[in-house]
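First comes the structure, then the notes that go with it.
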Amino acid sequence: MSTTDWPTLPALPDPATAAVLGSGLLEELSYAFSGPFHFLLPDAFDANLRALRAAFDETGVDGTVYFAKKANKAALWIERCALTGAGVDVASAGELREALGHGVRGEDLVVTGPAKDPGLLGLAVRHGALVAVDALDELDALVATVPSGARRPARLLLRCLPPDQPHSRFGMNEAELAAATDRCLRAGDAVRMEGFSFHLSGYAIQPRADLAAHLVGLCLKARVQGLEAGRISIGGGLPVSYTDADSWHTFLSEQNSGHYHAGKSFGSGDFYPYFAPAAGADALRALLAARPEGHDGSFAGLLKEAGVALLTEPGRALLDRAGATVFRVQGVKERDGYRLLTVDGSSLSLSEQWFNSEYLPDPYLLSYAADAPAGTWPACVGAATCLESDMVSWRKIPFRRRPGIGDLLVYPNTAGYQMDSNESPFHDLALPPKVVVDRTERPRPRWRLDRHFT
Ligand SMILES: Cc1ncc(COP(=O)(O)O)c(C=O)c1O
């Protein structure tokens with residue numbers, strides 16, 4: 001059977017990942033760890049950050065990037081943020097402590113998430129972090145944490161419930177925002193109300209531009225009332241392209257239940273959109289250039305005219321091409337027309353599988369046997385657990401060489417959300433360590449363990 005009978009989704013070429021794959025390092029590390037592991041590429045993170053900052057500089061918009069820490073637990077990214085002066089978006093006391101502990105200043109943190117507990121609010125106030133307030137009772141709790149006569153006020157944004165996503169459980173509606181603005185005024189020196197925020201589900205540009213422009217309007221009104229209101233945060237949601245347009249659309253039009261183990265079926269809406277016409281920094285550029293509804297000029301122009309700064313909290317986009325996940329094949333079964341591989345870890349190390357979806361970019365096969373026959377060898381990938389549903393890939397991936405025991409499967413571009421958000425020591429399997437590959441252009445890449453690898 002030819003590869004055209006089996007849908008593929010090749011990852012976009014990435015020289016840094018290719019250099020690691022070709023270096024022999026992964027075989028050694030797989031032997032050393034005796035289990036799956038992730039590798040991290042800090043240069044990619046730095047490049048993504050520079051690209052986002054360049055998009056701000058090109059338009060003259062006063063913009064700040066906060067890395068959404070939830071997207072990956074490694075200490076590495078926080079260290080990069082501390083060194084490059086980027087902010088960090090934290091959503092728990094643990095994340096806040098990690099960020100401080102790895103050198104990020106409190107004033108460079110934004111604290112998001114619903115109904116933050118008093119401990120987290122207290123820490124945020126003591127360290128001068130910006131709090132995105134999600135509800136009126138949370139605002140009261142935040143004000144209550146500020147001791148009278150305190151040197152530091154509570155710095156806050158008021159989070160808006162997106163009118164187009166009225167079922168979201170996050171943010172405040174217009175009436176609540178008005179009440180919150182009043183309470184900020186009454187709280188006087190105890191608070192510094194710096195503006196408004198939102199986070200939208202989905203990746204569309206125009207609704208973000210429209211809602212962000214609305215928040216600029218709210219800032220102008222709040223200033224008239226005597227509040228500072230000089231910044232808005234648009235949350236995360238800058239999309240990432242994992243593959244090219246053609247591959248993505250062909251995949252969607254071809255895939256059907258015959259292409260998956262056990263006749264599993266996915267609708268096209270079940271998948272992350274693995275291709276975006278404007279991704280990462282280009283999505284930010286498109287947003288700044290968009291014309292918000294009811295305005296004649298660009299969103300960038302509106303921000304500058306109003307003197308409002310723009311905060312973004314990208315997670316996935318900062319981690320684009322910044323890491324990959326490596327499993328070793330430890331068993332191979334023949335099935336009717338395809339193979340069932342079993343690898344040395346679980347799908348808890350590839351989180352997409354836990355959202356009734358599938359992580360689609362094709363894994364690379366590093367063959368153990370030098371003479372593994374070439375051809376088309378479709379195979380799905382199961383986990384080393386006793387759960388029928390624990391599949392790393394339900395899809396029968398058309399490998400170009402016959403997969404065998406001892407081969408490595410390298411899932412590309414997994415740093416954004418795939419690596420650790422669902423990891424678990426189920427079955428007493430070790431959590432996959434994270435390896436930082438510092439320079440890929442050396443003849444042999446240098447590696448070290450991320451400090452936060454357990
Ligand atoms: C408030 C907030 N900010 C930022 C993010 C990061 O989003 P992304 O990784 O899509 O950029 C999220 C994700 O859920 C979020 O809820």
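Take the UniProt record's numbering: the final residue in the sequence shown is number 454, and no numbers are missing along the way. Idealized CB from N, CA, C, for every residue including glycine. Bear in mind that the values here come from a model prediction, so they are computed numbers and not experimental data.
From residue i to residue j, what distance separates their C-alpha atoms?
{"i": "V332", "j": "K264", "result": "20 Å"}
{"i": "T17", "j": "L350", "result": "18 Å"}
{"i": "G433", "j": "A372", "result": "Residue 433 is actually Pro in this sequence, not Gly. Their backbone Cα atoms lie some 29 Å apart in a straight line."}
{"i": "A379", "j": "L303", "result": "51 Å"}
{"i": "M1", "j": "N356", "result": "Because the pLDDT at M1 is just 39, under 50, the model does not fix this residue reliably, and the value given afterwards should be weighed accordingly. Between M1 and N356, the C-alpha separation is close to 29 Å."}
{"i": "V410", "j": "P403", "result": "13 Å"}
{"i": "P163", "j": "N173", "result": "8 Å"}
{"i": "P445", "j": "Q330", "result": "26 Å"}
{"i": "W394", "j": "D46", "result": "34 Å"}
{"i": "V111", "j": "A150", "result": "20 Å"}
{"i": "L284", "j": "S233", "result": "13 Å"}
{"i": "L429", "j": "C386", "result": "12 Å"}
{"i": "A229", "j": "F198", "result": "15 Å"}
{"i": "A44", "j": "R53", "result": "14 Å"}
{"i": "A374", "j": "F327", "result": "21 Å"}
{"i": "L340", "j": "D390", "result": "13 Å"}
{"i": "V381", "j": "L431", "result": "19 Å"}
{"i": "G280", "j": "D14", "result": "15 Å"}
{"i": "T440", "j": "A19", "result": "6 Å"}
{"i": "D438", "j": "R316", "result": "20 Å"}
{"i": "F170", "j": "F399", "result": "43 Å"}
{"i": "L142", "j": "V88", "result": "20 Å"}
{"i": "G237", "j": "D336", "result": "41 Å"}
{"i": "Y417", "j": "P147", "result": "38 Å"}
{"i": "E27", "j": "L408", "result": "7 Å"}
{"i": "P239", "j": "K221", "result": "32 Å"}
{"i": "G35", "j": "L319", "result": "23 Å"}
{"i": "P273", "j": "Q165", "result": "19 Å"}
{"i": "R321", "j": "A180", "result": "40 Å"}
{"i": "L130", "j": "E107", "result": "7 Å"}
{"i": "S424", "j": "A178", "result": "43 Å"}
{"i": "S421", "j": "W77", "result": "15 Å"}
{"i": "G226", "j": "R192", "result": "11 Å"}
{"i": "I405", "j": "E293", "result": "57 Å"}
{"i": "A286", "j": "A32", "result": "45 Å"}
{"i": "A99", "j": "R126", "result": "15 Å"}
Would the beta-carbon of residue i be found less than 7 Å away from any heavy atom of ligand 1?
{"i": "G122", "result": "no"}
{"i": "residue 467", "result": "With the chain running from 1 to 454 in the structure shown, residue 467 is simply not present."}
{"i": "D89", "result": "yes"}
{"i": "H199", "result": "yes"}
{"i": "A222", "result": "no"}
{"i": "A68", "result": "yes"}
{"i": "A204", "result": "no"}
{"i": "E194", "result": "no"}
{"i": "L238", "result": "yes"}
{"i": "T64", "result": "no"}
{"i": "E313", "result": "yes"}
{"i": "T112", "result": "yes"}
{"i": "A415", "result": "no"}
{"i": "G235", "result": "yes"}
{"i": "A71", "result": "yes"}
With distance defined between alpha-carbon atoms, name the residue in the options nearest to residue i.
{"i": "E352", "options": "V88, R444, A71 and L158", "result": "A71"}
{"i": "A187", "options": "P153, P10, A384 and L41", "result": "P153"}
{"i": "S257", "options": "C184, E358, L284 and A283", "result": "E358"}
{"i": "D270", "options": "H261, L26, L238 and Q255", "result": "Q255"}
{"i": "T325", "options": "F299, G103 and P361", "result": "P361"}
{"i": "G119", "options": "V110, T145 and D134", "result": "T145"}
{"i": "P7", "options": "S233, A32 and S253", "result": "S253"}
{"i": "D189", "options": "L288, R155 and H261", "result": "R155"}
{"i": "L348", "options": "D320, A384 and Y338", "result": "A384"}
{"i": "W248", "options": "L220, Q225, P277 and A300", "result": "P277"}
{"i": "L449", "options": "F37, P15 and P13", "result": "F37"}
{"i": "residue 459", "options": "G85, S346, P147 and L123", "result": "Lying before the first or after the last residue shown, residue 459 is absent from the chain, which here runs from 1 to 454."}
{"i": "Q206", "options": "A289, A262 and E305", "result": "A289"}
{"i": "S367", "options": "G294, L21 and P166", "result": "L21"}
{"i": "A345", "options": "L25, T414, W354 and V392", "result": "Just to set this straight, residue 345 is Gly in the shown sequence, not Ala. Minimum Cα distance to G345 is reached at V392."}
{"i": "P363", "options": "Y338, P412, C184 and A322", "result": "P412"}
{"i": "L12", "options": "L365, G128 and S241", "result": "S241"}
{"i": "K116", "options": "W354, T376, L136 and H102", "result": "L136"}
{"i": "D57", "options": "T342, V224 and A300", "result": "A300"}
{"i": "L157", "options": "G113, S168, H259 and R126", "result": "G113"}
{"i": "Q67", "options": "L200, T414 and V104", "result": "The question names Gln, but residue 67 in the sequence shown is Phe. Nearest of L200, T414 and V104 to F67, Cα basis: V104."}
### Query
Which runs of the beta strand (DSSP E) spanning at least 3 residues fall entirely within the segment 160-201, listed in chain order?
191-197
### Message
What ranges does the alpha helix (DSSP H) occupy inside the segment 61-86, keeping only unbroken runs of at least 4 residues that lie completely in it?
### Response
75-84
### Ranges of the beta strand (DSSP E) found wholly within the segment 306-392, counting only runs of at least 3
309-312, 323-335, 338-343, 364-366 and 374-382
### Message
Going residue by residue through the segment 225-266, where are the continuous beta strand (DSSP E) segments of at least 3 residues, counting only ones entirely within it?
### Response
231-233
### Message
In chain order, what are the residue ranges of uninterrupted alpha helix (DSSP H) at least 4 long that sit wholly in the segment 101-130?
### Response
118-126
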